[in-house]
Amino acid sequence: MPVLIYAENAEGKFKKSIFEAVSYARAIADQTNTNLVAISIGDVSADQLGALGKYGAEKVLNVSNAQLKNFVNQAYASVIAAAAKKEGADIVVLSNSFSGRGLAPRIAVKLEAGVADGAVSLPEISGDKFTVKKTAFSGKAFATVQLTSANKVIALVPNSYQVVEKAAAGTVEDFSVENKESDFKAMVKEIVRSTDKVSLPDAEIVVSGGRGLKGPENWGMVEELADLLGAATACSKPVSDAGWRPHSEHVGQTGIAVSPNLYIAIGISGAIQHLAGISSSKVIVAINKDPEAPIFKVADYGIVGDAFEVVPQLIAAVKEYKASA
Amino acid sequence: MKILVCISNVPDTTTKITFTDNNTQFNTNGVQFILNPYDEIALSRAIELTEGGKGTVTVINVGEVSTEATIRKALAIGADDAVRINAKPHDAWFVAYQIAQYAKQNAFDLILTGRESIDYNGSKVAGMLGELLDIPSVSIIKKLDVDGDKAIVEREIEGGKEVLVIPFPFVAGTAEGVAEPKIPNMRGIMSARTKPLNVIEPVEVKTSSEIISYETPAPRGQVKLVPADDSGKLIGLLHTEARVI
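The listed protein sequences correspond, in order, to chains A and B. Just so you know, the numbering used here puts the end of the first sequence at 343, numbered straight through with nothing missing. Just so you know, the numbering used here puts the end of the second sequence at 1072, numbered straight through with nothing missing.
Have a look at this one:
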């Protein structure tokens, strides 16, 4: 029985996190000696669809109709579940994106499947036993969950699995489903994207500021450093609570959990709730005046100093590094 | 408007997470349990939307008797009544199934959950409820306003937001921004003691997942300090040693 991967697009393009999920699904298909089928919904060019074959999809189901142009949770879930049934897929993989998190539970109910959301590594399969490691306690721990149902849904956390090129046929087929009218009750009125900024959940580098920056007017240097590094900006809870930065930038236990390659914490002391949200970061840099700040306990690199003196030096060094690269 | 708010009882955000029984059980010893912070946002918005006799708010929890302190807290914040389904919340499917049975018998206009619980972080109950009740669900919302028989909802997407128009009834998972969490006042605390808290028994349902073990993130090595007056050196280290830029 094949593995089905839902290849979510953003404005007609697949992001790196989707290729990670395709590579991950390919590896599961290899584990179970089966094929990988991808499904794409919306307006995606042939060129983009072809890329799914590059990472191991034998077949690509292309669902392109005007009604499904925008993401509608209910309708998309119906289409993906129908594709799984048609292909006889017993494992459905998605990215643990904002949309993926809405889809996974609906698909699971339709397929009577157990769900491993927030998956961070490949499943271990031995006989009937199927287990997946997932994030728990908002980054403070991991749980290994056993899926006991015949069908399974897995949502993979971005930046937790490497993209692996593994060419397969990637034959594109049109696929369509008769959606129920009730699938379209929710309607998208408007989509607002800040195109000039790197999105925080997808970011490979995150530059984050805390109360040590003293006020929203001092975020210029955070943004400049982030721009130079191709990074997303983030902040601690007190900063978003004070309204200095939007809630969508709040990293921590009650905000967003990130897993970038590099997390730079500027003027963040490192309360346990904040540390939970950054524990999956590969490398953590801390810049803080207080050498006793808890952030230094989890940091790989640290600078004990005044952010207003340190950050401009970093900006100059990045400029120099980029000029020489 | 009748609103159902699904709440969970979770370890306080300051809890240091440890495990017992060969890392198979969460160590609750000395842990303070609280109303899940995202559920608090859901509840606060529900109260705002029904204030001034415009409706009622029922909170529902799937849990054992130990969760009643948290349920009373929700009543103190301002819910009108509460339901506890007397069972251990085995997994999201179990919880969603129980709540769906209750919701089917009591027509609600709106069902709110937190975007996720801060213990297992599934964010699955909202979607499962939507599917079980065959109504729309929206997973992580930042704003919810009522416009007649519809709601205008803002959903978080990577690098932006999506504005949706959704007719009632539907299910939504609330995140920060939907409402400021309300703090119970003295009157609320007093009245919470006498507000109805109905305990109902669970229905039987086959579960589909099981947590078999836990682990904590691998400890990180010693921090490597770079002198503040030579901060630029850090960039070189990130490039040549850590290889992240």
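Think of the CB as a built atom: it goes at the ideal place given N, C-alpha and C, for glycine as much as any other residue. Quick caveat, the model's predicted, so the values are computed rather than measured.
- Counting only Cβ-Cβ distances below 8 Å, ILE967 (chain B) has contacts in chain A at PHE116, ARG119 and GLY120, in chain order.
- Residue A:SER178 holds the alpha-carbon nearest to the alpha-carbon of SER298 (chain A) among A:GLY68, A:ARG44 and A:SER178.
- The continuous alpha helix (DSSP H) containing THR897 (chain B) extends over residues 895-904.
- Where PHE148 (chain A) is concerned, the enclosing beta strand (DSSP E) starts and stops at 147-154.
- Beta-carbon to beta-carbon, PRO312 (chain A) and GLY288 (chain A) are separated by about 4 Å, close enough to satisfy the 8 Å threshold.
- For the options A:LYS300, A:ALA186 and A:ASP259, the alpha carbon positioned closest to that of GLY1048 (chain B) is the one of A:LYS300.
- Residue B:ALA901 holds the alpha-carbon nearest to the alpha-carbon of SER1018 (chain B) among B:THR845, B:GLN859 and B:ALA901.
- DSSP places ASN27 (chain A) outside any alpha helix (DSSP H), giving it a letter other than H or E.
- In the structure shown, the three-state DSSP call for LYS232 (chain A) is coil.
- Residue-level contact check: MET19 (chain A) does not touch chain B, since none of the beta carbons of chain B fall below 9 Å from its beta carbon.
- Contacts between ASP961 (chain B) and chain A, judged by CB atoms closer than 8 Å, involve SER200 in chain order.
- Among the residues facing chain A, ALA1055 (chain B) is included, as its CB has a counterpart in that chain under 9 Å away.
- The three-state reading of DSSP puts SER226 (chain A) in strand, counting E and B together.
- Between ILE912 (chain B) and ILE1027 (chain B), the beta carbon gap of about 6 Å places them in contact (Cβ cut-off 8 Å).
- Here GLU142 (chain A) is bridged, per DSSP, to A:THR149.
- Inclusion of VAL225 (chain A) and ALA204 (chain A) in the CB contact set at 9 Å is not warranted, their separation being larger than that value.
- Between ALA999 (chain B) and LEU959 (chain B), the C-beta spacing is not below 9 Å.
- In chain order, ALA283, ILE313, PHE314, ALA317 and GLY320 place their CB closer than 6 Å to the CB of ALA304 (chain A), counting only its own chain and leaving out the 5 sequence neighbours on each side.
- Counting along the chain, no alpha helix (DSSP H) covers LYS881 (chain B), and no H or E run does either.
- For THR189 (chain A), the three-state secondary structure derived from DSSP is strand.
- Counting only runs of at least 4 residues, the region 1031-1064 of chain B fully encloses no alpha helix (DSSP H) element at all.
- For the C-beta of ASN306 (chain A), not a single chain B residue is nearer than 9 Å; the gap to the nearest is close to 10 Å.
- Beta-bridge partners assigned by DSSP to MET205 (chain A): B:VAL992.
- Of all residues in the region 145-177 of chain A, only THR149, THR153, ALA154, PHE155, SER156, LYS158, ALA159, PHE160, ALA161, THR162, VAL163, GLN164, LEU165, THR166 and SER167 place a beta-carbon less than 7 Å from a beta-carbon of chain B.
- Interface criterion not met: the Cβ of VAL858 (chain B) is under 9 Å from no Cβ in chain A.
- Going by beta carbons, ASP866 (chain B) and SER835 (chain B) fall inside the 9 Å limit.
- Spanning the alpha carbons of THR1043 (chain B) and VAL190 (chain A) requires a straight line of approximately 42 Å.
- The beta carbon of PHE997 (chain B) sits closer than 9 Å to some beta carbon of chain A.
- Rounded to the nearest angstrom, the gap between the Cα atoms of ASP65 (chain A) and LEU1052 (chain B) is 47 Å.
- The CB of MET205 (chain A) comes closer than 8 Å to the CB of LEU991, VAL992 and ILE993 in chain B, given here in chain order.
- Judged by DSSP in its simplified three-state form, LYS77 (chain A) adopts strand.
- Taking 9 Å as the cut-off, the Cβ atoms of PRO219 (chain A) and TRP262 (chain A) do not count as close.
- When secondary structure is reduced to three states using DSSP, ASN913 (chain B) falls in the strand class.
- Look at the region 204-234 of chain A: the residues with a C-beta under 9 Å from a C-beta of chain B are ALA204, MET205, VAL206, LYS207, GLU208, ILE209, VAL210, ARG211, SER212, THR213, LYS215, VAL216, SER217, LEU218, PRO219, ASP220, GLU222 and ILE223.
- Around the beta carbon of GLY145 (chain A), a 10 Å sphere encloses fewer than 16 other beta carbons of the protein chains shown; the residue is thus reported as exposed.
- Burial state of LYS147 (chain A) is exposed, judged by a 10 Å Cβ sphere holding fewer than 16 other Cβ atoms.
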